[in-house]
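Below is one structure, written out as structure tokens; comments come after it.
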Ligand code: ADP
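Residue numbers (the working numbering): 177 to 510.
If you want it as structure tokens, here you go:
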């Protein structure tokens with residue numbers, strides 16, 4: 177497959193494109209990130225140059241791709257999309273870079289997964305707008321320098337800690353996206369319902385927001401499932417009763433915990449006596465990749481007050497024990 181994906185990953189159904197915020201003012205939540213980005217973009221525009229490279233970090237579904245699209249839109253530039261895993265060979269990246277036009281925004285999703293040779297090529301491109309293309313093999317190999325048009329790289333990562341120092345240092349600005357609070361998710365849901373033509377009561381939107389795991393992608397997905405229920409089992413309008421009944425059918429937790437979150441909590445408490453236990457051990461216990469447990473599950477469980485990180489490992493809090501219907505051990509310190 178080509179490393180260049182012109183379209184957005186269709187991982188959330190065809191409706192996603194219409195639900196994506198189109199400009200900074202449309203983007204709900206993340207007020208600090210919005211303000212910081214506004215300054216970065218406005219400053220560059222006033223100077224008539226391209227903005228510094230931007231790194232967006234945070235768990236999946238919080239709006240990193242949407243934000244990259246907004247950055248390009250605000251700059252009036254084209255957006256080129258690719259991802260770290262797609263850039264396995266440095267040649268793939270060289271081809272993309274040499275096709276850029278001045279002012280373009282190059283979006284690399286999952287940039288922490290970029291292969292080493294491509295990463296090294298990226299250093300030079302980010303710093304000097306230049307690449308060295310190696311032609312031939314062995315002693316006869318020569319390196320041909322090529323100019324790259326000034327561009328802005330927007331990298332997204334669920335794991336900024338996994339980026340190498342040299343790569344991280346070449347970003348002029350890092351935006352940390354955090355989980356959304358229920359009020360923000362409620363506004364996102366109300367906006368999405370408007371776009372989808374779904375009639376929804378405020379208390380129903382609040383109910384869905386509270387169960388969306390702090391994540392707009394999940395909020396939008398739940399909205400579509402609740403809409404199905406409202407259309408099939410009721411008159412199409414999403415009332416509080418309809419929302420609750422629908423969420424019960426889909427087995428959505430009141431706290432928004434998903435199947436994997438619940439499995440991790442269950443293993444931590446039942447198999448490891450509440451911890452402390454290392455992330456990789458926990459991941460093996462639930463049959464998942466350590467990276468998924470660490471980057472997807474854990475941030476939300478910590479945020480929800482269910483898991484504490486200690487120097488000796490992960491520990492279940494009293495709230496986690498109670499949630500599983502168990503009595504926390506009397507000597508529990510967290
Ligand atoms: P990420 O790249 O971080 O995984 P996306 O940008 O793909 O996240 O966002 C997932 C979906 O959530 C988008 O399609 C969009 O509909 C919605 N979304 C994300 N952030 C917001 C926001 N701040 N306001 C409205 N919708 C949002």
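All C-beta atoms in this analysis are idealised placements derived from N, C-alpha and C, irrespective of residue type, glycine included.
Values in this document were obtained by computation on a predicted structure and should not be read as measured data.
The shortest CA-to-CA distance from residue 212 to any of 338, 350, 437, 394 is the one to 350. Residue 342 and residue 238 do not touch by the CB rule: their CB atoms are close to 26 Å apart, not below 8 Å. Residues 473 of the same chain have their beta carbon placed closer than 6 Å to that of residue 436, with the five preceding and five following residues left out of the count. Counting the other CB atoms within 10 Å of its CB gives residue 320 a total below 16, which places it among the exposed residues.
Residue 228 sits in coil when the DSSP states are folded into three classes, being neither helix nor strand. Relative to the Cα of residue 455, the nearest Cα in the group 329, 388, 487, 402 belongs to 487. The three-state reading of DSSP puts residue 415 in coil, since its state is none of H, G, I, E or B.
Residue 371 sits exposed, since fewer than 16 C-beta atoms from the chains shown fall within 10 Å of its C-beta. Taken in chain order, the complete beta strand (DSSP E) segments of 3 or more residues contained in the stretch 288-333 are 306-311, 318-323, 328-333. Considering only 318, 361, 276, the residue with the shortest C-alpha distance to residue 388 is 361.
Put simply, of 257, 241, 412 the residue whose alpha carbon is nearest the alpha carbon of residue 377 is 412.
When secondary structure is reduced to three states using DSSP, residue 453 falls in the strand class. For residue 483, the uninterrupted beta strand (DSSP E) segment begins and ends at 483-486. DSSP places residue 257 in the strand class (E or B) of the three-state scheme. Taking residue 245 as the centre and dropping the five residues before and after it, the same chain places the C-beta of 196, 255 closer than 7 Å to its C-beta, in chain order. Every alpha helix (DSSP H) stretch that sits fully inside the stretch 378-402 and reaches 4 residues is listed by chain position as 378-386.
One alpha carbon belongs to residue 383, the other to residue 419, and they sit about 7 Å apart. By the criterion of a C-beta distance shorter than 6 Å, residue 498 is surrounded by no residue of its chain, once the five residues flanking it on both sides are discounted. With a cutoff of 8 Å on beta-carbon distance, residue 295 and residue 346 are scored as not near each other. Relative to the non-hydrogen atoms of ligand 1, the Cβ of residue 238 comes within a distance shorter than 7 Å of at least one.
An exposed status is given to residue 214, since fewer than 16 other beta-carbon atoms sit within 10 Å of its beta-carbon.
In the three-state reduction of the DSSP assignment, residue 437 falls in the helix class. Residue 223 carries a helical assignment under DSSP once its states are collapsed to helix, strand and coil. Straight through space, the alpha carbons of residue 200 and residue 509 are spaced by roughly 43 Å.
Residue 242 has its CB nearer than 7 Å to a heavy atom of ligand 1.
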